[in-house]
Amino acid sequence: MTTPSALEKWKAQLGDDGKAALRVLLNGTASLGRLSAAEPEDAVDAILASEARDSDIVSGFDRGCTELLEEFRLTLLQQEGRSFRIELAKLVTLVTIIRRLLPEQMVVDLHRRYVLWSGFFENFVVDRGLDLRREYFRILALSQDVAADHGLEPRRLMSLWLSVCAESGDAGRYDASYLRVALLGLRRLPLGDDFDANEDFTLQGLARWAVTQRPTTAAFEREWRILEGDFPRDAGFWGDRVQMAVTAAERELAERTNGAETTFPIARWWREDVDIHPNENRLRGGSAHEPPPREAREAILRDIGRALPQLSDRIDTLMKGHKRYADCTGDVFHLVRSSCNIGMRLLEKGSSEERVDRGRLSVSLAALAFEYDPLNAHAWSLMMRALRTAGRVQDAELVGWEALRRFPENVQWRTQLASLLAGGGAKPDEAIALLKEAQQLFPENAFVRTQLAEIVAEDRGGAQEAVKLLQETISLFPGNPYARNQLAMVLADDLKRADEARDILNGAIAEGAADDVTRSLLQKLDQGRVLRRAKPKAVVVEDASTLMLPTAMARRQLFLFEAGLSSADSLRAFLADTPQDSYATYVSERAGLTDVPFKTTFATAFEDALEKAEPSAMRALIARARPMERAIVEEAFAVSEGRVVAFSEFFADAEGDERLQTLERTLGQEGGRADRRTLLLRDFAASTLSTSVVSLVAA
Numbered sequence: 001m002t003t004p005s006a007l008e009k010w011k012a013q014l015g016d017d018g019k020a021a022l023r024v025l026l027n028g029t030a031s032l033g034r035l036s037a038a039e040p041e042d043a044v045d046a047i048l049a050s051e052a053r054d055s056d057i058v059s060g061f062d063r064g065c066t067e068l069l070e071e072f073r074l075t076l077l078q079q080e081g082r083s084f085r086i087e088l089a090k091l092v093t094l095v096t097i098i099r100r101l102l103p104e105q106m107v108v109d110l111h112r113r114y115v116l117w118s119g120f121f122e123n124f125v126v127d128r129g130l131d132l133r134r135e136y137f138r139i140l141a142l143s144q145d146v147a148a149d150h151g152l153e154p155r156r157l158m159s160l161w162l163s164v165c166a167e168s169g170d171a172g173r174y175d176a177s178y179l180r181v182a183l184l185g186l187r188r189l190p191l192g193d194d195f196d197a198n199e200d201f202t203l204q205g206l207a208r209w210a211v212t213q214r215p216t217t218a219a220f221e222r223e224w225r226i227l228e229g230d231f232p233r234d235a236g237f238w239g240d241r242v243q244m245a246v247t248a249a250e251r252e253l254a255e256r257t258n259g260a261e262t263t264f265p266i267a268r269w270w271r272e273d274v275d276i277h278p279n280e281n282r283l284r285g286g287s288a289h290e291p292p293p294r295e296a297r298e299a300i301l302r303d304i305g306r307a308l309p310q311l312s313d314r315i316d317t318l319m320k321g322h323k324r325y326a327d328c329t330g331d332v333f334h335l336v337r338s339s340c341n342i343g344m345r346l347l348e349k350g351s352s353e354e355r356v357d358r359g360r361l362s363v364s365l366a367a368l369a370f371e372y373d374p375l376n377a378h379a380w381s382l383m384m385r386a387l388r389t390a391g392r393v394q395d396a397e398l399v400g401w402e403a404l405r406r407f408p409e410n411v412q413w414r415t416q417l418a419s420l421l422a423g424g425g426a427k428p429d430e431a432i433a434l435l436k437e438a439q440q441l442f443p444e445n446a447f448v449r450t451q452l453a454e455i456v457a458e459d460r461g462g463a464q465e466a467v468k469l470l471q472e473t474i475s476l477f478p479g480n481p482y483a484r485n486q487l488a489m490v491l492a493d494d495l496k497r498a499d500e501a502r503d504i505l506n507g508a509i510a511e512g513a514a515d516d517v518t519r520s521l522l523q524k525l526d527q528g529r530v531l532r533r534a535k536p537k538a539v540v541v542e543d544a545s546t547l548m549l550p551t552a553m554a555r556r557q558l559f560l561f562e563a564g565l566s567s568a569d570s571l572r573a574f575l576a577d578t579p580q581d582s583y584a585t586y587v588s589e590r591a592g593l594t595d596v597p598f599k600t601t602f603a604t605a606f607e608d609a610l611e612k613a614e615p616s617a618m619r620a621l622i623a624r625a626r627p628m629e630r631a632i633v634e635e636a637f638a639v640s641e642g643r644v645v646a647f648s649e650f651f652a653d654a655e656g657d658e659r660l661q662t663l664e665r666t667l668g669q670e671g672g673r674a675d676r677r678t679l680l681l682r683d684f685a686a687s688t689l690s691t692s693v694v695s696l697v698a699a
């Protein structure tokens, strides 16, 4: 009887207890005979090459990968010191094995539980060399056909790949190395019965990258030639397709910049490369796929005040047309614009009896926009308003906190959320604390101060405090009508001092600080009427479909803790029951509840460097950071010296980044708390965490 070799014993263990066998392999103690010197992924590939797909060995390997990766997810971030680094190295090896072999049940689980797994892998984005989120995305890209065979929507990751293309580079949220992964994802989208290739989708991804990242001609040509090689076609094949992709990108750019930009630098070169010259602006052969005519959308918008039954079918038909076009071409601009435009107008018009139903329809339109463009700020705003109108106030609050988390440099998300918290949310204390923080972070914003006074007066009965706040606001912003109007309301309605209110309104008119509301209020005073408009009664609807946004809940809990409205124990208890994605890890670190020994994301490393307040720690961070991250660190240095420097001084592409420009303007404001600029930089760094969401399921 032949004694089994060491390699055969390990194979048998792989079939019987795959997790234990893989753990031995990762520990470096597996006896693999002639394969002992091979890299682990090479060794496993060689071992499984001769095995049938349904063999016990392959099944055990698949099951072992699943169980071991789950163990890492549950335990790795609880490791300390050297143990953490050792276990992280083993996780890197396991991910490499999974990427190489693509075990079927393992990769299906990575697709099915996308939110959970993407949140976990985002904890380990150290630099270009160690980036497990990128490798996770690569696994998803390579295994889309496997997921489709198991019943998942075949092209559900299209919006993810398109957004990653747009954000890959110095000015984006992802390293430049992500572009190849995203283009691979577009190229490997399952074809199904409706497609024979994915050329149009990869062209859309390349165009988005060119618009947002503004690559050099040489850099763009390199990626374009690779794409051409992936789809061997004759010389005349690409012309109309490139023209359609470039035109769609130009149209979206013009819309986003309100006509300030109508093309992008590489567009002309790309057209000429496929033999389209400047005087040829139309598709030469006509496109097989066209979006619904603009007139259909405009007709609906004209009739938007009609009864909902007269609109629903027309909206449904229009959006099906847009969805069909987007699915066929990868051009999502028309679908997202129509969804947001129609959704917003539905909320503004119509009878009060239809209010909830209009909200529900708008929620479905916002969800459609999210499905195709999850980074679109208009979709976030629509979703928040639509959920509130539909009576789903808690869901609306979650969307508000998530928008505030993702776009901390923009004050509008704080004011919108405060309005919701004070109104339908019945949380005036939270609203007041949020606006007091906003008042410090955005000291030159008159609306924040006035809204704060309004909530203090109406929801907390603090009329005298509101008067003081409004008087201070008027002294700081003498030309602002809103503050004067609110002061008149508080004086007349709450304190019954109508004469003083009249003086305020007349003074506003005399000083050129009045608007139509001012004159309307003065007329009401003369008629002896109440100045404030009666608030519509909030509609509460029982709805089993509620959002789950752990990152939004984590942002709220962090705010409550830092505002002194909850304790460290409450935050700790919340985090204990929350999936430990990269943002939850950051919250725990920022609150001082944990201290991960190896700072595996820029945000946590930046937080740690600020806490140490040592120039050497900040300089070390610059060495590993990407260009936009380096700009944040350099700005932090300037802020520590009492200066605000244009981001373009540190980062050449900063002027083309809308978020950086908004942050720069906010940092330049005078006043507020002493550390407000540092806090804005901290929040901005953290806003890049846990954002790889395919869609916001709210309908």
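Under UniProt numbering, the first residue of the sequence shown is numbered 1, with each subsequent residue one higher.
We put the beta carbon where it would ideally sit given N, CA and C, even for glycine.
- Apart from the 5 residues on each side of it in sequence, D56 sits with its Cβ closer than 6 Å to the Cβ of G15 in its chain, given in chain order.
- Looking at the backbone, the Cα of A457 and that of G400 are separated by about 23 Å.
- Closest in alpha carbon position to D45, among R85, E80 and L102, is L102.
- Per DSSP, T518 is one residue of the alpha helix (DSSP H) stretching across D516 to D526.
- A direct Cα-to-Cα measurement between M106 and Y178 gives close to 22 Å.
- Listed in chain order, the non-local C-beta contacts of Y586 below 8 Å within the same chain comprise T601, A603, T604, E607, A686 and L689, local neighbours out to five positions each way being set aside.
- Under the three-state reduction of DSSP, S168 is assigned to strand.
- Under the DSSP definition of a beta bridge, Y174 partners with S168.
- Within a 10 Å sphere around the beta-carbon of W269 sit fewer than 16 other beta-carbons, which makes this residue exposed.
- Within the region 225–283, complete alpha helix (DSSP H) segments of at least 4 residues are found at 238–256 and 267–273, given in chain order.
- Separation of M158 and G330 (C-alpha to C-alpha, rounded to the nearest whole angstrom) is 8 Å.
- For A307 and E511, the gap between their C-alpha atoms comes out near 44 Å.
- Taking a 10 Å sphere around the C-beta of D657, we find 16 or more other C-beta atoms and assign the residue as buried.
- Of the other Cβ atoms in all chains shown, fewer than 16 fall within 10 Å of the Cβ of R302; this residue is therefore exposed.
- Between V363 and A386, the CB-CB gap stays under 8 Å.
- Below 8 Å, too few C-beta pairs join the region 252–264 and the region 223–243 to call them touching: fewer than three.
- The beta carbon of L660 sits closer than 6 Å to those of F647 and A654, all from its chain and outside the five residues before and after it, given in chain order.
- Counting only the Cα atoms, I504 lies some 14 Å from F477.
- One Cα belongs to G236, the other to R133, and the distance between them is close to 38 Å.
- Counted as a single uninterrupted DSSP element, the alpha helix (DSSP H) harbouring V95 occupies residues G81 to L101.
- Considering only D494, F447 and Q464, the residue with the shortest C-alpha distance to I474 is F447.
- As the crow flies, the alpha-carbon of E634 is around 53 Å from that of R53.
- Rounded to the nearest whole angstrom, the CA to CA distance from G64 to L7 is 17 Å.
- Here D373 is not bridged, per DSSP, to any residue.
- Note: V125 is bridge-paired with D131 in the DSSP secondary-structure output.
- For a cut-off of 8 Å, the C-beta gap from R112 to L152 is around 7 Å, short enough to register as a contact.
- Minimum Cα-Cα distance from I432 among the listed residues A631, S419, L375 and R156 corresponds to S419.
- In terms of CA proximity to L549, D395 leads the group D395, Y136, R502 and N485.
- Here E71 has K19 as same chain residues with Cβ atoms under 8 Å from its own Cβ, once five neighbours each way along the sequence are excluded.
- In this structure V246 is in contact with A207, their Cβ atoms being roughly 6 Å apart against a cut-off of 8 Å.
- Secondary structure note for K599: it is in no alpha helix (DSSP H), with a DSSP letter that is neither H nor E.
- By the Cβ rule, the region 519–530 counts as touching the region 487–502, because three or more pairs are nearer than 8 Å.
- In the structure shown, N410 adopts coil according to DSSP, grouped into three states.
- Within 10 angstroms of the beta-carbon of R665 lie fewer than 16 other beta-carbons, which makes it exposed.
- In this structure, DSSP gives K320 a helical state, which the three-state scheme calls helix.
- For M489, the uninterrupted alpha helix (DSSP H) run begins and ends at P481 to M489, by DSSP.
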